[in-house]
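With UniProt numbering applied, the sequence shown corresponds to residues 1 to 319, in that order.
We put the beta carbon where it would ideally sit given N, CA and C, even for glycine.
Only a predicted model underlies this, so the values are computations on that prediction, with no experimental measurement involved.
Worksheet for the structure shown next.
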Amino acid sequence: MEDCPWDPEGVEVCLDPEGQLVDKRAAQGLDLRGLYKRLVAARCLDLRVGRLGLPMWVSCAGEEAVSVLTATLAGQEDWIYPGVRDFALAPIRGLDLDDFARQILGVAGDGDRGYNGRPGAVAAADLGIAYAPEPLGLHLPLAAGQAHAQKLAGTGRATVVIFGEGLTTTALFHETVALASACDLPLVLVCKSQIWPEGAPAEAGLLGDSVAERVKACGLWSRRVDGADVVAVHSALDQALRRARDARGPGLVEVVVTQLQAGATEADIPAHRDPIERLRRHLDREGQWTPTFQDVIEAEVRGQLERAFTHAQAKEAGR
């Protein structure tokens with residue numbers, strides 16, 4: 001398959017656009033069918049939350065690989081500092097859907113975990129999910145502080161922080177990178193870089209090339225992967241987390257994503273830029289996907305979400 005303007009350059013690829021494994025070793029031991037179910041669940045959740053009409057809400061369709069794999073790979077005692085569009089990781093990490101729905105709607109009760117009252121925000125301290133603050137980028141130094149505490153405590157755990165490439169031009173990002181490097185923190189920075197064929201690349205006009213290349217000058221280990229390739233994202237995040245837990249220093253994983261509902265019509269974006277479709281193609285090639293399998297997954301997830309949001313909205317109406 002020939003490259004198209006939507007295909008990112010300089011990225012590691014394990015699963016090609018047609019769903020064929022380029023690097024079979026990267027997929028060894030992976031339950032790709034189970035991973036596919038989680039990706040579909042994250043997409044269904046995104047669509048359901050989108051119907052709520054929350055202020056300042058932006059779809060995360062196309063970015064599911066980051067949320068799903070961060071929640072899957074982070075250990076029980078690791079901490080995650082998500083961005084505002086990474087709420088799908090909470091149910092995957094273990095947050096009850098009723099609890100999740102109440103927090104999204106801003107009607108969480110006194111017993112809900114780590115929540116501070118803003119609609120659309122999700123947190124759970126007992127699950128290691130930090131609250132995403134309203135000031136953009138503030139969670140970066142907060143995550144560095146958490147990682148510093150983990151290092152001082154000698155827990156052998158790590159902290160993950162997720163953000164968009166726009167924050168790499170801010171002082172908060174550079175200060176966080178400098179602190180992580182100077183103190184050798186068990187911190188994994190996950191940068192979601194967007195690709196827009198009709199415009200300049202995200203790194204245009206900045207010192208260096210990609211975000212992954214720029215942080216190398218600060219002494220950070222880094223990898224740049226295709227966000228539509230869940231196998232490559234899994235490989236990079238898994239390696240970054242293992243390095244952090246083994247006290248081998250901080251790292252950055254740059255995931256090049258394509259937002260599927262942000263200014264471009266569905267016809268504009270090739271299907272292989274969708275991480276769900278690319279993995280579906282692989283499962284179909286392997287005889288592990290059928291339309292019935294897809295229908296069952298979606299029906300089950302949508303039913304669970306409808307029950308949770310119906311209960312939460314009833315509570316909101318009764319306040």
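For this session: Confirm, please, whether the CB-CB distance from Val11 to Val225 is below 9 Å.
Result: In the sequence shown, residue 225 corresponds to position 225, counting from 1. In the sequence shown, residue 11 corresponds to position 11, counting from 1. Contact flag set, yes.
Exercise. Mind checking Gly62: buried by the 16 CB within 10 Å criterion, or exposed?
Worked result: Within the sequence shown, numbered from 1, the residue matching residue 62 stands at position 62. Result: buried.
For this session: Can you give me the Cβ contacts of Asp112 inside the same chain, cut-off strictly under 8 Å, excluding the 5 residues immediately before and after it?
Result: Counting from 1 along the sequence shown, the entry for residue 112 is found at position 112. Because the pLDDT at Asp112 is just 48, under 50, the model does not fix this residue reliably, and the value given afterwards should be weighed accordingly. Closer than 8 Å at Cβ, skipping near neighbours: Asp99, Arg102, Gln103.
Problem set entry | Stretch pair the region 169-186 + the region 243-250: three plus CB contacts closer than 8 Å | Contact between the region 169-186 and the region 243-250 is present, because at least three Cβ pairs lie under 8 Å.
Problem set entry | Proximity to Gly145 [Cα-Cα], best of Ala123, Ala217, Ala130 | On the sequence shown, residue 145 is found 145 positions in, with the first residue counted as 1. Here the closest residue by C-alpha is Ala130.
Exercise. If you draw a straight line from the C-alpha of Ala302 to the C-alpha of Cys218, how long is it?
Worked result: Reading the sequence shown from its first residue, position 302 is the one you call residue 302. Reading the sequence shown from its first residue, position 218 is the one you call residue 218. It is Arg, not Ala, that sits at residue 302 in the sequence shown. Rounded to whole angstroms, Arg302 to Cys218 spans 45 Å at the Cα level.
For this session: Mind listing, in chain order, the continuous beta strand (DSSP E) runs of no fewer than 3 residues lying wholly within the region 130-207?
Result: 159-164, 187-194
Exercise. If you count every other CB in all the chains shown that lies within 10 Å of the CB of Cys4, and 16 or more means buried, which is it?
Worked result: By one-based count along the sequence shown, residue 4 stands at place 4. Looking at its Cβ environment, which holds fewer than 16 other Cβ atoms inside 10 Å, Cys4 is exposed.
For this session: Would you list, in sequence order, the uninterrupted beta strand (DSSP E) runs of no fewer than 3 residues that lie entirely inside the region 208-256?
Result: 221-226
For this session: Return the first residue and the last residue of the alpha helix (DSSP H) that Ile80 is part of.
Result: Sequence index remark: in the sequence shown, residue 80 carries index 80 (1-based). Taken as a continuous stretch (DSSP letters only), Ile80 belongs to no alpha helix (DSSP H), being part of the beta strand (DSSP E) at 79-81.
For this session: Just tell me which of Leu54, Val190, Asp268 has its CA closest to the CA of Glu254.
Result: For the purposes of this step, residue 254 is identified with residue 254 of the sequence shown, where counting begins at 1. Of the listed residues, the one whose Cα sits closest to Glu254 is Val190.
For this session: Starting from the Cα of Trp6, find the closest Cα among Gln259, Ala71, Leu54, Gly287 and give me that residue.
Result: Position 6 of the sequence shown, counting from 1, holds the residue named residue 6. Of the candidates Gln259, Ala71, Leu54, Gly287, the residue whose Cα lies closest to the Cα of Trp6 is Gln259.
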